[in-house]
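Per my numbering, the sequence shown starts with residue 820, numbered consecutively. The beta-carbon is built from N, C-alpha and C at its ideal position, and this holds for glycine as well. In this text the structure is predicted, and so the values were computed from the model without any measurement.
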Amino acid sequence: MQRAKYILNEVLVGLWRNVTMTVAMIITLSVSLTMLGASVLMYMQVDQMKSFYYGEIEVSIFLRDDVTEAQRAAIDQSIDSNPLVQSKTYESREDALAKFKVLWRDSPDFVKSVGPDSLPESFRVKLKDPEQYSTFADQIKGQQGIQDIVDQRELLEKVFKIFNAIQVMALIVAGFMALAALLLVGNTIQVAAYSKRREVAVMKLVGASNWFIQAPFVLEAVVAGLIGAILGFVFIFVGKVTLLDGRLQALTNVLTPIPDGNVWLMLPLLAGVGALVSAITAWVTLRFYLKV
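Now the structure itself:
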C-alpha cells in the first residue's frame, strides 16, 4: 500500500514538475491519436459504404435520341431474357428530368437550362453479380438504339479512391505526429530521470528494485498517453456530432451514416494505443538514460 501510494505521488509530482513539456506531450499525443482514430473510422466507413453501394449498383443503358419503338422493345426483351439480370426499371425522359430537378433543386438557374429533350431515356439494370458487368455489356451492346452503357461501379471506384487517398494522408499525418509525440515522451522522461538522478542513486543503494524505480516514470508517460487518448476521442466525437450530424448532414445522402458504436469503439482503441506506446517509449528511454 505504501509503495503504491509513493508511486502515485511520484507520478503526480513528475507531471507537475515538467508541466510545460507534459502539456506539449499530451497535445501532440491527442492530435496524433485523433488522426489515427479518424483514419480507422474512415477505413471502417469505406468498407461499409462498399458493402452498401455495391449491393445497390445498377448498369445504366442510355438510348439514342432517335431510338424507335421496335428497338426499345427489343432491348427490353433482351434485358428480360438475360440470366445475369436481377431486375430492371425503365426511365423515360420525363422521369429523368424529374429526378434531375430533385437532385439539383438548390441550383434553379442550372435546372432551367436543361430541357425535356436534354436527358436521354434509359434502362436501369441491377445484376445478380455486379462483377459480371463486362459479360453483360458485351451481350447487350450490339442492340440497335443503344447510345451508351455505364457501370456505376466505375464511378464508385473513383469516389472510393478519393476516400482511400484521404485515409492514407490521415495515416501519414498521424505517423508524423506520433513520431513527434514519441520524441516528446522520451525527452520528458529523460528530463524527469535526470532531475531525480540523486534520488535514484540513493534508492539503488538501499536495494530498491528496478521496477520500483522505473514505475513512476513509466506511469507518468501512461497517464499522459491516456489523457491524450481521451482528448483525441473527444475531438472525434464532437466532430462527428457537430459536423457529420450537423452542418454536413446533407452528405448522408451520399455517405452512409457513421454508427455511434464505431465512434465509441475508438475510445478503448485510442486509450490502448496511447497508453501502450507511451509506456514502451518511456521504458526504452529509461533503459538508455537511467542505469538501473
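About 6 Å separates the beta carbon of Ala-1040 from that of Ile-1008, a gap short enough to meet the 8 Å contact definition. Residue Leu-946 holds the alpha-carbon nearest to the alpha-carbon of Lys-907 among Gly-1051, Ser-1097 and Leu-946. Closest by C-alpha distance to Glu-877, out of Phe-929, Phe-919 and Val-944, is Val-944.
Straight-line measurement puts the Cα of Met-996 at about 10 Å from the Cα of Thr-853.
Taken atom to atom, the span from the alpha-carbon of Gln-962 to that of Ile-894 is near 6 Å. Membership of Lys-931 in the alpha helix (DSSP H) is indicated by the continuous run 927–931.
Note on geometry: alpha-carbon atoms of Pro-949 and Arg-972 lie some 8 Å from one another. Here Pro-902 is exposed, its C-beta having fewer than 16 other C-beta atoms within 10 Å. For Thr-908, the pairing in a beta bridge is given by DSSP as Arg-943. Distance check between Ser-897 and each of Ser-932, Ile-965, Val-1092 and Thr-841 places Ile-965 closest, using alpha-carbon atoms only. About 5 Å separates the Cβ atoms of Met-861 and Gln-986, confirming a contact at the 8 Å cut-off. According to the DSSP secondary-structure assignment, Phe-881 is paired through a beta bridge with Ser-941 and Asp-967. Each of Val-842, Leu-855 and Val-1060 was checked against the Cα of Asp-1079, and the nearest Cα belongs to Val-1060.
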